[in-house]
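Working notes for the structure below.
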Amino acid sequence: MPELTGHMLHFAYGEDLSRVGFLETCPGADWFGPARLDGHRLIFDAAGRVSVRACEGSVVWGALWMVPAALLPVLDARAGENFERTTRRIVSPAGPRTEATLYVTEVAEAAEVAPSKERLHALLDAAKGNHLPADYLAVLKGLGGRVKVRKDSR
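Taking my numbering, the leading residue of the sequence shown gets 24, the next gets one more, and so forth.
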């Protein structure tokens, strides 16, 4: 397999949002700062995985990183087998929309759940560490009270 060269932009929004954790996984990556993915919302499944789903009028904030392309296999492995690498148009407060990679997984709408307290606290800490907007932090805090009830439950 040929060696990957160059760099790529990566949008970290969930389990990869922690700056310390990201640098442990991808030493040599450069943090560009907060960025947002318009038209999407966070989703969680029973296993605690975080992903995004298209949702008009919603926004997901995260961190934009410049990552050496040689570390792409490391990011793939960290994401896990249920996640797919894709690209989306990201908006950085410092510039125009740009393409960035991110990892997503399919979660059936009926399988969506509220995040665990541990996952939510980790996500909030990481969001604060990336200087995400206060209104987005409030949205994250509100996720803890969201309860998804399956249609077939009584």
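From the three backbone atoms N, C-alpha and C, an ideal C-beta is built for every residue, glycine too.
*Which two residues bound the contiguous beta strand (DSSP E) that contains M128?*
The question names Met, yet the displayed sequence has Thr at residue 128. Counting along the chain, T128 falls outside any beta strand (DSSP E), and DSSP gives it neither H nor E.
*Do the CB positions of V90 and E107 come within less than 8 Å of each other?*
no
*If we call anything under 8 Å between Cβ atoms a contact, is T109 one with L125?*
yes
_Classification of A102 by the beta-carbon crowding that lies within 10 angstroms, buried from 16 upward_ = buried
_Inter-residue spacing [alpha-carbon to alpha-carbon] between P119 and V162_ = 24 Å
*Under three-state DSSP, which class holds F34?*
strand
*Let me know if G165 comes out buried or exposed under the rule of 16 or more other beta-carbons within 10 Å of its beta-carbon.*
exposed
*Under the DSSP definition of a beta bridge, which residues are partnered with T110?*
T124
*Hey, quick one: how far does the beta strand (DSSP E) through D61 stretch, first residue to last?*
53–67
*Taking only runs that begin and end inside the stretch 65–103, name each unbroken alpha helix (DSSP H) of 4 or more residues, in chain order.*
95–102
_For P138 and F67, which I take to be in contact (beta-carbon distance under 8 Å), what is that distance rounded to the nearest angstrom?_
5 Å
*Going by C-alpha distance, which of L32, G167, A145 is nearest L17?*
Because residue 17 is not part of the residues shown, which for the chain are 24 to 177, the question remains open.
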